[in-house]
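Protein chains: 2
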Amino acid sequence: MSKNIPKNDLMEKIVNLCKRRGLIFPSSEIYGGTGSVWDYGPYGALLKNNVKMLWWRDMIQFRDDMVPQDSSILMHPKVWEASGHISSFTDPLVECKKCHHRFREDHILEGKYGNVVGKGGKVVCPDCGGEMTESKMFNLMFKTFMGPMEDSAHAVYLRPETAQGIFANFKAILEVARKKLPFGIAQIGKSFRNEITPGNFTFRTREFEQMEIEYFVKPDEAEKWYDKWIKIREKWYRDYGVKKDNLRLRKHAKKELAHYAKGATDIEYHFPFGWSELEGIANRQDYDLKQHEKFSGHDMKYFEEEGMKKYYPYVIEPSGGVDRAALAFLVDAYNENEQGEVFLRLDPRLSPIKIAVFPLVNKEKLPNIAHDIYDELKQNWFVQYDDGGSVGRRYRRQDEIGTPYCVTVDFDTPKKNTVTVRERDSMKQERVKIKELLDYFKGKLSK
Amino acid sequence: MSKNIPKNDLMEKIVNLCKRRGLIFPSSEIYGGTGSVWDYGPYGALLKNNVKMLWWRDMIQFRDDMVPQDSSILMHPKVWEASGHISSFTDPLVECKKCHHRFREDHILEGKYGNVVGKGGKVVCPDCGGEMTESKMFNLMFKTFMGPMEDSAHAVYLRPETAQGIFANFKAILEVARKKLPFGIAQIGKSFRNEITPGNFTFRTREFEQMEIEYFVKPDEAEKWYDKWIKIREKWYRDYGVKKDNLRLRKHAKKELAHYAKGATDIEYHFPFGWSELEGIANRQDYDLKQHEKFSGHDMKYFEEEGMKKYYPYVIEPSGGVDRAALAFLVDAYNENEQGEVFLRLDPRLSPIKIAVFPLVNKEKLPNIAHDIYDELKQNWFVQYDDGGSVGRRYRRQDEIGTPYCVTVDFDTPKKNTVTVRERDSMKQERVKIKELLDYFKGKLSK
């Protein structure tokens, strides 16, 4: 039933669907947008919320070895000295002396802008051919000032990752969580990076949401847990329906690794614009805790009761992007039939709306019965009532946003106390008794 | 059983409990904190998450007239011109010419720093007695720069409220949500205000989380909905257990009202530091939509099919703070018995941990049975396993964080297949069959 969609067309189709149905669209669009930040409309906000809540449930509630935290975006600037972000979180930047457009030097050298070598062999501006400045390092952290004084003593940064909020709190959490190694601290929250070249829809943006785990282990168990977490996180995406062929693991080559990382593996997704990082799992060793001890003067070591010894735990970091996960789920679920009608085959747990309720026509008792069913079901799930247009058209609307079940109240309903339940992917319909409907959906939707 | 705690002591007790049990503590504490931003530890993050999820469920999922959105923190700067924040979101600031400390002029004049009038009748510095500058207006929005150019054309602001993200998207959401007036758009998210004098724990901070609704109505129904929303939101706090005597409504006097507001009412909570705003409900009329039309050039009017006419809807705004709600719930739930033991009598739906499972001793089959029970229950709720110290001590630990139910596996358990369930507030214990435990808690905890 599904049409094969060329990868080149797929991204445009998804961006169009997101815009048309209000899943995702540019922030501040009435002012022309900002080019690097996106808003989630009603269905997008529900999808994104489902991604977060499922991660929170699976990675924290269901596990014995994990606690959550919620640390702030504006942290003490020393945090970023300790983490190395102030000195090293930079991209090389060159500027055109004529039109003042700026570019990442590495992108120019990689040929992203084509051949931009001018007379005499020097690189020239891709936009106007002007002469370029020497490159200088540009820090990707957004800077602002806390309090009424705008001087260097009051400069603070929007966090570029949630991770450092966990490292800085390690000892405080360790004390209250009463956990022994191995255990993890998990957090969901916004981070900000002043990317010079954002792009690919919500893939690379200046404001984004992360779901990060810092998992603290005995140093000699780090390799084992690094391997385990790669498997756990890969399985998580698979469990929510991402196709096997669209996922791959990419181990970082030694020269790619940050100096503090012993190993790093990306879980990549086959986005329409190419294989790209969905989540990274890194073995950060004891770098961060040691740095925070050095810069704060606070002991960041772990005391092991059994061995009566103190040491720095190693850290395995599975770091995922909420927006990237939501985008991958959207891409993976996107299908069209031969007529070009869209089916978003989302796992029902991710679907923004779980059930739509339709009265076949707006007369006799049908709307009343449909409303009663809607009122009951929405106590448990996000449910939508729709009485506009033909039933076929209403199915199309729900298929497009990935609603797994539609309930139609028809002319047989008042007599037989049954409704038609239609499933999105099989398009199969079955009659279900109204009084059994709640349990029917509890069986289908509660996993 | 409860001890009467003087209001003066209560705040200190709550701050201590939050620190001791890791509910809430200063951000970047190992670096001395920032003085105006707080982190939520494991139990705090769970409490805050429950506040947000209950609001999301009650205000969006359960209602027919509400859709969510999730807009960005960094918006186009024109948004803040249109909203009036660039010109008017300011406090009057004076600076000491000697020690360069800065103060809010209105606070000095209100006598917050005592009598600081020097020789000649002029106000002097409360800290060093030095001469003060003339006051100038200080904008409370945090400013930063988007992209690599640090000039005024690239200045952006951290949003001081989520509300404008809703107004700017009004037409986009209206189109995709297929709603007619009255309907609302709801959003939860972080906002930032560079307060000159933050304080009172998490009450006034520079980074905070809002839960805001913009409810669009026919202009002649604005008063009716304004009254309705005050009642809905007051009832919401009451439904989650806030004591009636600790809530009051404060209608803003005419001179207090922002120029765009027809009326505004605060739901105030009796915090230990005095009656203070928990949530504000305002009738913003059509100010914001008109402003955005003026500044963006986009038509922001609503088309009413029935009357075949176009007009600006009026807006009722119930705007609550997640952190303030969490703090009020904590204050309201705080109890001590005569021995000074703490009981956090949170509504179970707010409790970070719903059930704790204890093996009476760590021998025979007791830990195995307790673990099996824990494994089953945690599929449904956040559950904690605790085998440390006496059972009495374990009860204390759970009472302090507001866990409503404790399950103890004792010596009778292997023989009778029953456990003891102890309820936090009544301290009553009852024997429950293990195989009935899941349904028992479903009955208690699912509302």
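These protein sequence lines map, in sequence, to chains C and Y. The first sequence maps to residues 1 to 447 in our numbering. The second sequence maps to residues 1001 to 1447 in our numbering. The beta carbon of each residue, even a glycine, is placed where N, CA and C say it ideally should be.
| Query | Result |
| --- | --- |
| Candidates C:F303, C:H259, C:K13, C:I316: closest to L174 (chain C) by CA position | C:F303 |
| Pick from C:L181, C:W80, C:G189, C:F89 that is closest to A168 (chain C), judged by C-alpha positions | C:W80 |
| Residue interval of the alpha helix (DSSP H) (run including V1322 (chain Y)) | 1322-1333 |
| Contacts of M11 (chain C) in chain Y (Cβ-Cβ under 9 Å) | Simply none; closest approach about 20 Å. |
| Bridge partners - H259 (chain C), DSSP secondary structure assignment | For H259 (chain C), which the question treats as bridged, DSSP gives no partner whatsoever. |
| Continuous beta strand (DSSP E) assignments of at least 3 residues falling wholly in the stretch 165-207 of chain C | 183-192 |
| Amino acids of chain C, ordered along the chain, whose beta-carbon sits closer than 8 Å to that of Y1323 (chain Y) | For the record, residue 1323 (chain Y) in the displayed sequence is Asp; it is not Tyr. Per Cβ cutoff of 8 Å: no residues; D1323 (chain Y) is ~10 Å from chain C at best. |
| Boundaries of the alpha helix (DSSP H) in which W1381 (chain Y) is found, first to last residue | No alpha helix (DSSP H) holds W1381 (chain Y); DSSP gives it neither H nor E. |
| 7 Å CB neighbourhood of F295 (chain C) in its chain, flanking five on each side removed | K78, E81, A82 |
| Contained alpha helix (DSSP H) runs [length at least 4] in the stretch 107-146 of chain C, N- to C-terminal order | none |
| Short-range partners of chain C found in the stretch 1134-1152 of chain Y, where Cβ spacing is below 8 Å | F1138, F1142, K1143, T1144, F1145, M1146, G1147, P1148, M1149 |
| Backbone CA spacing between K254 (chain C) and D91 (chain C) [nearest angstrom] | 20 Å |
| Contact the stretch 1174-1183 of chain Y vs the stretch 218-236 of chain C: 3+ CB pairs below 8 Å | no |
| Check: R238 (chain C) C-beta below 6 Å from any heavy atom of the ligand SAM | Absence of the ligand SAM from the depicted structure is noted, as is the absence of any ligand whatsoever, leaving it without description. |
| Closest Cα partner of V217 (chain C) within the set C:H270, C:K301, C:H259, C:T202 | C:K301 |
| 7 Å Cβ cutoff, D1039 (chain Y) in contact with chain C | yes |
| Cα-Cα separation, V1242 (chain Y) to E1150 (chain Y) | 48 Å |
| Bridge partner(s) assigned by DSSP for D266 (chain C) | C:R250, C:G280 |
| For E1400 (chain Y) and L1017 (chain Y), believed in contact at Cβ under 8 Å, the rounded distance | 7 Å |
| Burial state of K1048 (chain Y) (16 or more Cβ within 10 Å) | buried |
| Against chain Y: residues of the stretch 191-207 of chain C by CB proximity under 8 Å | F192, N194, I196, R206, E207 |
| Three-state secondary structure (DSSP) of M1149 (chain Y) | coil |
| Whole-number beta carbon distance between D1070 (chain Y) and G1147 (chain Y), since they are thought to touch under 8 Å | Contact flag wrong, Cβ pair sits at about 23 Å. |
| Chain C contact for H1298 (chain Y) (CB, 7 Å cutoff) | yes |
| DSSP state of K7 (chain C) mapped onto helix, strand, coil | helix |
| Residues that G1165 (chain Y) contacts on chain C, provided the C-beta gap is smaller than 9 Å | S27, S28, D39 |
| Extent of the continuous beta strand (DSSP E) run through D1347 (chain Y) | It is not in any beta strand (DSSP E) - D1347 (chain Y) carries neither H nor E in the DSSP assignment. |
| Per-residue burial, C1125 (chain Y) [other beta carbons within 10 Å of its own, 16 or more giving buried] | buried |
| Cβ-based burial, D1288 (chain Y) [other Cβ within 10 Å; buried from 16] | buried |
| Environment of C99 (chain C) [buried if 16+ CB atoms lie within 10 Å] | exposed |
| Beta-carbon contacts of F1142 (chain Y) that lie in its chain and below 6 Å, excluding the five residues immediately before and after | L1158, F1192, N1194 |
| is_contact[F382 (chain C), chain Y] using C-beta, thresh 7 Å | yes |
| Below-7 Å beta-carbon distance, K1078 (chain Y) vs any chain C residue | yes |
| For L1023 (chain Y), the first and last residue of its enclosing alpha helix (DSSP H) | Counting along the chain, L1023 (chain Y) falls outside any alpha helix (DSSP H), and DSSP gives it neither H nor E. |
| Cβ pair R370 (chain C), V409 (chain C) closer than 7 Å | Per the sequence shown, residue 370 (chain C) should be read as Ala rather than Arg. In this structure, V409 (chain C) lies closer than 7 Å to A370 (chain C) by Cβ. |
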